[in-house]
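Novice: Just dropping this structure here.
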Amino acid sequence: ACDRFSTESQQLEIFYKHPFILDSKLSPSFTFDLLKQDTTFLTRRVGLGVHTYIAPRVELLVAYEQTQGTLLSTDIEALEQSGLSGFTRPLYSLQITKGDLARLSRLANANTWTLSIAGGRKSIDRNLDVPDSYYDSLSSSSNFYRLEGAFAYQARVFKRQAFFHHVTFGFIDNDQILQNELFRVGGLTSLRGFNEKEFFVEQY
472 ACDRFSTESQ
482 QLEIFYKHPF
492 ILDSKLSPSF
502 TFDLLKQDTT
512 FLTRRVGLGV
522 HTYIAPRVEL
532 LVAYEQTQGT
542 LLSTDIEALE
552 QSGLSGFTRP
562 LYSLQITKGD
572 LARLSRLANA
582 NTWTLSIAGG
592 RKSIDRNLDV
602 PDSYYDSLSS
612 SSNFYRLEGA
622 FAYQARVFKR
632 QAFFHHVTFG
642 FIDNDQILQN
652 ELFRVGGLTS
662 LRGFNEKEFF
672 VEQY
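634 is the number that the numbering used here gives to position 163 of the sequence shown; each next residue is one higher, with no gaps.
As C-alpha cells, this is what we get:
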C-alpha cells in the first residue's frame, strides 16, 4: 500500500507471507516499509519473520527487522528543535496473535488480539554535514524496546447488526527517543477528526 498523508510526504508498505512452505508448519514473511516525511527525514524498515501455529487459531511470529533513519535536511536549528538524527536499529521480536480480524466482518460473535514485544540496540549515524557538537548530547549506542498490541471484540446484536470495538496500543522505551522513530497516530484508522499521521508519540 502507498499512502500520501501530507505535503511532500509518502509511505510505502509491502508485506508478503508464504503459507506453509514445503508443506511444513512454518510460513516465512517479508516486510518492507518506506516513510518519507516532507524534506526532513527518510525511514526504511526491512523485516524477515517466521510464522507458526502453537494452538488452534493462535499464531506465533519470530522476526528480525532493521530500521534505518536518514536525514534529508541538515539545518542545525531545525534539528535541534525537532530532535532528529540518523540511526540504525536492528530488533528481534516475538508476536502472538489469536484469531483473525477479517473474520469479525462476518457479524459473528468473536474476539481477536495480538501482542508484540521487540528489543535491540540503536546506534546513532553521524551526518558529515551536521556539526559534531550536535551529537555531543547523544549516546552513540543505546538499548531500545518496543511493545505493541491490539484487541478487537464483536458481538452480534441483530441479524444484520453487530457491536464492534477495536483498541490498539504501543509503547517505546529508550534513553534518547528520536522524533523520526516515534509512533505516528492520527486519521481514520487511529484518531478520527485529525490529519493522517499528524501526531508523533512515544506511547498511545
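Ideal placement from N, C-alpha and C gives every residue a C-beta, glycine not left out.
All of these numbers come straight from a predicted model, not from anything done at the bench.
1. What does a CB cutoff of less than 7 Å around K569 pick up in its chain, not counting 5 residues either side in sequence?
2. Could you tell me whether any non-hydrogen atom of the ligand FAD is closer than 6 Å to the CB of L599?
3. Answer with buried or exposed for S611, where buried requires no fewer than 16 other C-beta atoms within 10 angstroms of its C-beta.
4. Note down the Cα distance separating Q625 from L578, rounded to an integer number of angstroms.
5. Look up S480 in the DSSP assignment and say whether it is helix, strand or coil.
6. Hey, quick one: how far does the alpha helix (DSSP H) through L575 stretch, first residue to last?
7. Counting Cβ pairs, one atom from each stretch, are 3 or more of them under 8 Å apart for the segment 598-616 and the segment 627-637?
8. Are the beta-carbon atoms of N651 and T514 separated by less than 7 Å?
9. Would you report the Cα separation of F676 and P602, rounded to the nearest angstrom?
10. Scan the segment 515-597 and note each continuous alpha helix (DSSP H) run of 4 residues or more that stays entirely inside, going in chain order.
11. From the DSSP secondary-structure annotation, give me the bridge partner or partners of P499.
12. According to the Cβ coordinates, are D596 and F558 closer than 7 Å?
13. If we ignore side chains and look at the alpha-carbon of each, how far apart do L565 and P490 end up?
14. What does Q632 pair with, by DSSP beta-bridge criteria?
15. Between which two residues does the beta strand (DSSP E) containing V601 stretch?
16. Give the secondary structure of I648 by DSSP, where H, G and I count as helix, E and B as strand, and everything else as coil.
17. Can you check which of these residues, H522, T538, T541, I492, is closest to L532 by C-alpha distance?
18. Per DSSP, D494 forms a beta bridge with which residues?
19. Could you pull the start and end residues of the beta strand (DSSP E) that L662 belongs to?
Specialist: If we stick to the structure as given:
1. Only R528, V529, T583, W584 meet the Cβ criterion.
2. Only the bare structure without any ligand can be found here, which leaves the ligand FAD out of the picture.
3. By the 10 Å Cβ count, S611 comes out exposed.
4. For Q625 and L578, the distance between alpha carbons rounds to 7 Å.
5. S480 falls in the strand class under three-state DSSP.
6. Where L575 is concerned, there is no enclosing alpha helix (DSSP H), given that its DSSP letter is neither H nor E.
7. No, the segment 598-616 does not touch the segment 627-637.
8. For N651 and T514, yes; Cβs fall inside 7 Å.
9. Since the first residue shown for the chain is 472 and the last is 675, residue 676 is missing from the structure and cannot be characterised.
10. Counting only unbroken stretches of 4 or more residues, the alpha helix (DSSP H) elements lying wholly within the segment 515-597 are 547-553, in sequence order.
11. Beta-bridge partners of P499 (DSSP): V521.
12. Between D596 and F558, the gap from beta carbon to beta carbon is short of 7 Å.
13. Taking the straight line joining both Cα atoms gives about 18 Å.
14. Note: Q632 sits in no beta bridge, so no partner.
15. DSSP places V601 in no beta strand (DSSP E); its state is neither H nor E.
16. Annotated three-state conformation of I648 is coil, per DSSP.
17. Of the candidates H522, T538, T541, I492, H522 places its Cα closest to the Cα of L532.
18. Looking at the DSSP assignment, D494 forms no beta bridge with any residue, so it has no partner.
19. L662 -> no beta strand (DSSP E), and no H or E assigned at all.
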